[in-house]
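I have placed the structure first, in the form of structure tokens, so that the comments after it can refer back to it.
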Amino acid sequence: MTIYDIAKEAGVAASTVSRVINNKPGIKAETRKKVQDLLKKYNYTPNVAARGLVTQSTKLVGILIVDIRVTHHINSAFLIEKELNARGYCCITMSTGPEDEQKARYIQILEQRRVEGVILMGSMFMTDKVKESIERHLSGVPVVMVNGYLDLPNVSGVIVDEDFGVERCVDLLFRKSKKKIAFVLDSVSPSNYKKREGYCAGMRKHDASEDQLWLYDLEESSVKGGYDVTVQIIKEHPDVEGIIYTIDLVAVGGVRAAYDLGYPVPERLGLVGVDNSIYGEICIPKLTTLDNRLEALSESAASILREGLEGKIQSKKMMLFSEVIEREST
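If you count the sequence shown from 1, you need to add 781 to reach the numbering used here.
The structure is reproduced here in structure tokens:
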């Protein structure tokens, strides 16, 4: 059933049906009702692709995520998509993988899809290849990076002060008389490096020497990875009093490892995660975590992109402030 079929049965011009569909004024109430009844009768749905050919508007927004399995990022994408859908935009979400060449290729794919805006989810898109690909393929499209930034005219960023937040986590452990603290980095990204910088700054503030900065990198960002690295830390530093992990999921593995090794949490060992995710709320004991403001981050990113989509001046950089959520593990 096309707009012309509806018009023929209603005895009106196709342009009249179009005006009814788009809720335009200047149509008699009787005619409007007649057309609306026919639209309802035949379950008529406008062809968005065809309309886009006429209006030169696709109403498409691309959301790129390095790994769609990362709960924190997909939850943020869900909130952004919900906000943009309410404004009439359709979002396509794609998982690029960690390789820079793949990230750059997906930027090109978004150009081919004629997206009108782009969300880049996470600081792992802060690379030269991504920057070059945006310049080449999406220079006229508003782009917003969640928890990151690229210095380009059409790119904006919403950033969380995770470095200072982790520094405050160190302060919390010291207030709990836990001064021998290790740090676990679960994956390589600018965001995680900032967390590590916050740990180092916090430890140095409390007069820790360089050999007292116990830094560990994970091979696997998972509960098992957190379990294994915690066992390693306790084996190499049996006097350890606190561990900060860059993500709650990994910290949950640490909680279990401490239990199995007979290190009571928090009496013997204070554990802290980052993300304020559901994992920290359901483990026993409940996990102290750094809340990096997922909901506010997502809402701000959607709002800034909406400014660009509506032709308004976009905010270039926005800083949000994290919050330490103290629970039972400290």
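From the three backbone atoms N, C-alpha and C, an ideal C-beta is built for every residue, glycine too.
| Item | Value |
| --- | --- |
| DSSP bridge partner residues for Asp-1072 (one or two, in chain order) | Glu-1104 |
| Reduced DSSP category for Ser-1079 - H, G, I as helix; E, B as strand; rest coil | helix |
| Cβ contact (3+ pairs, closer than 8 angstroms) linking the region 937–948 and the region 1091–1106 | yes |
| Where Tyr-823 falls, given that 16 or more other Cβ within 10 Å makes a residue buried | exposed |
| Which of helix, strand or coil DSSP assigns to Asp-998 | strand |
| Simplified DSSP assignment, three categories, for Cys-950 | helix |
| Which of helix, strand or coil DSSP assigns to Cys-1064 | coil |
| Beta-ladder partner(s) of Met-905, from DSSP | Met-905 is not bridged to any residue. |
| Inter-residue Cα distance where the pair is Ala-830 and Phe-859 | Residue placement at Ala-830 cannot be trusted, given a pLDDT of 47 that sits under 50; what the coordinates show is reported in the next sentence. Using only the alpha carbons, I get a separation of about 24 angstroms. |
| Secondary structure of Leu-1042, DSSP reduced to three states | coil |
| Same chain, Cβ closer than 6 angstroms to Thr-1069, five either side skipped, listed in chain order | Val-1053, Glu-1107, Arg-1108, Ser-1110 and Thr-1111 |
| Sub-8 angstroms separation of Thr-1011 and Ile-1025 beta-carbons | no |
| Near the ligand FMN: Lys-884 beta-carbon under 7 angstroms from a heavy atom | With respect to small molecules bound, the structure shown includes none, and the ligand FMN cannot be examined in it. |
| C-beta atoms of Gly-983 and Asp-952 nearer than 8 angstroms | yes |
| Whether His-854 touches Ile-846 by CB criterion (8 angstroms) | yes |
| Identity of the residues DSSP links to Tyr-930 by a beta bridge | None; Tyr-930 has no bridge partner. |
| Proximity to Glu-948 [Cα-Cα], best of Val-1046, Arg-985 and Arg-917 | Arg-985 |
| For Lys-1098, the three-state DSSP class (helix, strand or coil) | strand |
| The region 902–915 / the region 885–894 touching (three or more Cβ pairs under 8 angstroms) | yes |
| Boundaries of the beta strand (DSSP E) in which Ile-873 is found, first to last residue | 871–876 |
| Validate contact between the region 1038–1054 and the region 1012–1022 using beta carbons, cut 8 angstroms, 3 pairs | yes |
| Cut-off 6 angstroms between Cβ atoms - residues of its own chain near Ile-1085, not counting five sequence neighbours on either side | Val-925, Ser-937, Gln-1095 and Ser-1096 |
| Cβ shell of Tyr-997 (< 8 angstroms), same chain only, five flanking positions each side left out | Ala-963, Phe-964, Val-965, Leu-966, Val-1010, Gln-1013 and Ile-1014 |
| Ser-968, buried or exposed, once every other Cβ within 10 Å from all chains shown has been counted against 16 | buried |
| Cutoff 8 angstroms; reference Arg-1087; Cβ partners in own chain excluding five residues on either side | Glu-864, Leu-865 and Arg-868 |
| Proximity of Ser-1002 and Gly-903 at Cβ, strictly below 8 angstroms | no |
| 6 angstroms Cβ shell around Leu-1042 - same chain, five flanking residues per side excluded | Ile-1015 |
| Those residues which DSSP pairs with Ala-963 across a bridge | Trp-995 and Ile-1024 |
| Rounded C-alpha distance that separates Ala-794 from Ala-788 | 6 angstroms |
| Through-space distance from Val-896 to Val-798, alpha-carbon basis | 28 angstroms |
| Inter-residue spacing [alpha-carbon to alpha-carbon] between Ala-1032 and Pro-1066 | 11 angstroms |
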